[in-house]
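Student: This is the structure I have questions about; it appears just below.
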Amino acid sequence: MKHSFMSFMVAAAMLIPCAMPVEAGMPLWQMEENDTGIEQKAGIQTISENTSGQTFVLDQGKGLRIHGNGKKTITVSNCTFEMSGHTVSDADPDSREMKDYFKIFAGDNVVFDHCTFTSQGSQDSDSVSDSNLFLSGENIVFKDCSFASTHYEGRYFSAYTGAVALIDCAFDIQDQTKQPAFNITEADVEFDDTNISISGTDSSQPCFYANGQDKGSISLLNGTKLEIKDNKADAMQLNQTRIDVKNSRVLVQNNRSGILGGTWNVLSDSGLSSLDNEGLGMHLSRPMTISRSSFIVSGNKGTAGGYEDVDLYIDNTRCILKNVRNAALGRYVCTGTIDREGKTNIEGTELTEKKVSEDKSDETKNNTKTYRITIDYIDAQSEKKLFTYTIYNQPQGEKYDFKAQLEANVPQGYKLLSYAGDVSGTLDANKKIFVSVQPDSKYFVRINYVDMADKESIHPSNQLIGLDADSKWDVEKFGRIRIEGYEFVKCDHALKGDSLDKDITITSYYRRIVSPADPFNPKHLPIDPSVNEERGLFVMVGFIGLAAVILLIARHFSRKNDDDDDENEGITD
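Residues in the sequence shown are numbered from 14 upward in steps of one, following the numbering used here.
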């Protein structure tokens with residue numbers, strides 16, 4: 014992020030006129046609309062005018078939206094926000110669009126000045142768009158604000174899109190669970206002279222997470238201190254996200270693992286340290302530059318290249334050290350390169366990589382095996398891989414369920430169709446999960462086959478995907494298929510149509526065939542010639558609930574007056 018943005022936002026924070034207070038004595042949660050610019054809808058207030066000196070109690074069922082109007086900047090000053098209970102949403106419950114859940118939502122052109130935020134409570138869903146503080150907009154500034162969170166269950170601070178600056182702020186995040194305390198999706202976020210402390214987290218998710226696709230960046234500037242200590246969670250997982258550290262400090266210590274990924278630039282008298290973590294201190298998979306700063310990784314117990322007690326793994330990438338006064342690399346494995354420039358002194362022991370089977374697990378010094386889970390997101394129509402999410406250091410023998418993680422990390426602009434692989438179970442090896450997604454702008458028609466008596470799935474589902482709003486669609490040949498031991502009863506929805514305005518899920522009900530005189534034997538069942546047997550056409554790609562999903566890609570569905578419906582269906586390989 015460029016300094017011009019920071020300069021503009023500092024000026025905005027200083028030059029906005031004094032905020033007009035909300036009318037004294039009026040209960041905020043009874044307001045619908047008045048000349049203060051505060052209105053109430055479904056338990057969620059919207060603030061669109063300057064506000065000062067208020068206390069907002071955002072407990073169960075309550076939330077707050079704040080956003081400017083056009084280029085107008087809204088200043089919220091000297092306010093207190095007390096948050097508890099579940100996150101809330103004001104989205105249409107019947108909408109197919111991704112819904113935002115929050116206690117506070119900040120949009121374009123908002124300045125928080127000298128405000129206090131305290132939080133307890135929990136998320137409403139595992140969605141990436143569910144967060145206690147949800148930021149999505151340009152020119153969002155927090156100036157001289159304090160944040161305290163205790164035992165929050167879910168994402169605490171999410172910068173989804175846009176640009177966010179935090180100037181002279183302080184965060185104290187304790188005992189976080191379920192989701193990352195900080196979640197950076199596609200926003201550019203600057204922390205300027207800001208202190209961040211995260212401790213006591215107990216979660217399968219990292220404490221600080223960045224999506225790292227095509228957009229998004231993190232900057233730690235002008236004396237910022239980021240400390241992530243004493244957590245039963247990975248400290249940072251940054252994927253490909255750019256992170257600039259200038260005249261600032263990063264310390265991760267005594268966590269499940271240290272720093273995973275990120276495109277690091279540590280410059281101008283900064284410090285980066287990863288100490289005494291149960292896993293790797295740092296796993297570099299993107300280029301890193303350190304200049305006139307210190308870099309220390311020590312006391313970690315990771316595995317890489319067949320070695321134990323590894324501090325640093327430079328994984329087929331480049332590490333550039335320029336005039337680094339203290340480069341203590343500990344025990345390190347390097348399959349890339351280390352370039353030394355200027356007066357740089359490197360201390361450490363390089364471990365020559367051992368060739369080990371890809372299927373073997375990591376193993377710590379005390380013989381506790383750990384595994385990694387790789388989740389690949391695939392565009393169902395183009396079959397291109399969009400994104401990979403990796404979960405590291407999962408203990409052998411531990412029961413797991415990664416459904417929440419794979420749903421939470423679906424790439425922005427896409428929706429989940431299906432997944433294949435061991436999504437839940439007991440860990441006994443490295444796992445790979447494939448997630449099929451399609452753009453939000455497309456629709457699908459799914460048919461589930463269930464026992465009418467107990468509503469349990471009895472057959473792999475069929476799914477027609479890639480449909481446009483004006484697509485003609487026909488799934489009649491899949492509405493009534495032959496299922497051994499069952500007879501068809503009914504479908505709960507029409508099986509063809511001329512257009513769609515939402516995704517459609519159809520339930521096809523069946524009744525179990527049991528002869529009182531002759532115990533059930535599917536080999537002797539008569540075959541109903543009117544029932545379709547289409548199994549040979551499909552390839553199973555995953556499971557949703559108990560039913561496997563079979564994808565039929567509608568590559569050529571477009572509205573034509575004389576179309577023969579069945580001729581235009583494409584079938585996945």
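Note that beta-carbon positions come from the ideal geometry of N, C-alpha and C, so glycine has one too.
1) Give me the Cα-Cα distance between I471 and V346, rounded to the nearest whole angstrom.
2) Work out the CA separation of R305 and V448 for me, nearest whole Å.
3) Output needed for K112: all residues of its chain with C-beta closer than 6 Å, excluding positions within five of it in sequence on either side, in chain order.
4) For the alpha helix (DSSP H) containing L419, name the first residue and the last one.
5) With DSSP as the reference, label G492 as helix, strand or coil.
6) Taking the alpha-carbon positions, what's the F308 to L293 distance?
7) On the criterion of 16 or more Cβ atoms from any shown chain inside 10 Å, does R338 qualify as buried, or is it exposed?
8) Give the straight-line distance between the Cα atoms of D441 and G312, rounded to the nearest whole angstrom.
9) Please report the distance separating the alpha-carbon of H99 from that of S171.
10) Note the first and the last residue of the continuous beta strand (DSSP E) segment covering C504.
11) Give the range of the beta strand (DSSP E) segment to which H3 is assigned.
12) Contact between the region 490-510 and the region 149-159: three or more CB pairs below 8 Å?
13) If contact is defined by three or more beta carbon pairs under 8 Å, each pair taking one atom from either stretch, is the region 178-186 in contact with the region 203-220?
14) What residue range does the beta strand (DSSP E) around A194 cover?
15) Quick one: measure Cβ to Cβ for V265 and I272, integer angstroms, because I've assumed they're closer than 8 Å.
16) How many Å lie between T302 and K75 at the Cα?
17) Given that a residue counts as buried once 16 or more other Cβ atoms are within 10 Å of its Cβ, and exposed if not, what is N358?
18) What is the rounded straight-line gap between the Cα of N475 and the Cα of T214?
19) Look at the Cβ atom of S484, then the Cβ atom of S454, and state whether they are nearer than 8 Å.
20) Would DSSP call A507 helix, strand or coil?
21) Mind checking which residues open and close the beta strand (DSSP E) that includes Q187?
22) Any idea if A178 is buried or exposed, counting beta-carbon neighbours within 10 angstroms, 16 or more meaning buried?
23) Drop a sphere of 10 angstroms on the beta-carbon of K314, count the other beta-carbons inside from all chains shown, and report buried for 16 or more, exposed for fewer.
24) Using C-beta distances below 6 Å, list every residue in its chain close to I517, excluding the 5 sequence neighbours before and after it, in chain order.
25) Just verifying my parser: in three-state terms, what is the DSSP assignment at G294?
26) Assuming the contact rule is C-beta atoms closer than 8 Å, G229 and T254 should be a hit. Round their C-beta distance to whole Å, please.
27) Beta-carbon separation of F130 and F160 under 8 Å?
28) Could you check which residue in D143, T237, T174 has the C-alpha nearest to that of P193?
Tutor: Reading from the atomic positions:
1) Position 458 of the sequence shown holds residue 471. Position 333 of the sequence shown holds residue 346. In a straight line, the C-alpha of I471 is about 50 Å away from that of V346.
2) Counting from one through the sequence shown, the residue named residue 448 turns up at place 435. Counting from one through the sequence shown, the residue named residue 305 turns up at place 292. Going from the Cα of V448 to the Cα of R305 covers about 43 Å.
3) Position 99 of the sequence shown, counted from the first residue, corresponds to residue 112. Excluding sequence positions up to five before and after K112, its CB lies within less than 6 Å of the CB of S102, A104, all in the same chain and listed in chain order.
4) Along the sequence shown, read from residue 1 onward, the residue named residue 419 stands at position 406. L419 -> alpha helix (DSSP H) spans 416-421.
5) What you label residue 492 is simply residue 479 of the sequence shown in a count that begins at 1. If DSSP states are grouped into helix, strand and coil, G492 belongs with the helices.
6) For the purposes of this step, residue 308 is taken as the residue at position 295 of the sequence shown. For the purposes of this step, residue 293 is taken as the residue at position 280 of the sequence shown. In a straight line, the C-alpha of F308 is about 15 Å away from that of L293.
7) As a working note, residue 338 is residue 325 in the sequence shown. Taking every protein chain shown into account, the CB of R338 has fewer than 16 other CB atoms within 10 angstroms, so this residue is exposed.
8) Along the sequence shown, one-based indexing puts residue 441 at 428. Along the sequence shown, one-based indexing puts residue 312 at 299. Looking at the two C-alpha atoms, the distance is approximately 27 Å.
9) On the sequence shown, position 86 is the one that residue 99 refers to. On the sequence shown, position 158 is the one that residue 171 refers to. So the two alpha carbons sit approximately 16 Å from each other.
10) Translated into the one-based positions of the sequence shown, residue 504 becomes position 491. Residues 499-504.
11) Residue coverage of the chain in this structure runs from 14 to 586, which leaves residue 3 outside it and unanswerable.
12) no
13) yes
14) What you label residue 194 is simply residue 181 of the sequence shown in a count that begins at 1. No beta strand (DSSP E) holds A194; DSSP gives it neither H nor E.
15) Within the sequence shown, numbered from 1, the residue matching residue 265 stands at position 252. Within the sequence shown, numbered from 1, the residue matching residue 272 stands at position 259. Right, the Cβ-Cβ distance comes to about 6 Å (below 8 Å), so this counts as a contact.
16) Taking the sequence shown and counting its residues from 1, the one referred to as residue 302 is at position 289. Taking the sequence shown and counting its residues from 1, the one referred to as residue 75 is at position 62. Approximately 45 Å, taken between the alpha carbons.
17) Position 345 of the sequence shown holds residue 358. Counting the other CB atoms within 10 Å of its CB gives N358 a total below 16, which places it among the exposed residues.
18) Locating residue 475 in the sequence shown gives position 462, where the first residue counts as 1. Locating residue 214 in the sequence shown gives position 201, where the first residue counts as 1. Each residue's Cα considered, the two are about 41 Å apart.
19) By one-based count along the sequence shown, residue 484 stands at place 471. By one-based count along the sequence shown, residue 454 stands at place 441. Contact flag unset, no.
20) Here residue 507 corresponds to residue number 494 of the sequence shown, with the count starting at 1. It is coil, neither helix nor strand.
21) Numbered from 1 along the sequence shown, position 174 holds the residue referred to as residue 187. That run of the beta strand (DSSP E) goes 183-187.
22) For the purposes of this step, residue 178 is identified with residue 165 of the sequence shown, where counting begins at 1. Buried, since its Cβ has 16 or more Cβ neighbours within 10 Å.
23) Counted from its first residue, the sequence shown places residue 314 at position 301. It is buried - the Cβ of K314 has at least 16 other Cβ atoms within 10 Å.
24) By one-based count along the sequence shown, residue 517 stands at place 504. Counting only Cβ-Cβ distances below 6 Å, and skipping sequence neighbours, we find V458.
25) As a working note, residue 294 is residue 281 in the sequence shown. Looking at G294 - three-state DSSP - the assignment turns out to be coil, as it is neither helix nor strand.
26) As a position in the sequence shown, residue 229 is number 216, starting the count at 1. As a position in the sequence shown, residue 254 is number 241, starting the count at 1. That pair is a contact at about 6 Å.
27) On the sequence shown, residue 130 is found 117 positions in, with the first residue counted as 1. On the sequence shown, residue 160 is found 147 positions in, with the first residue counted as 1. Cβ atoms of F130 and F160: closer than 8 Å.
28) Indexing the sequence shown from 1 puts residue 193 at position 180. The option with the nearest alpha carbon to P193 is D143.
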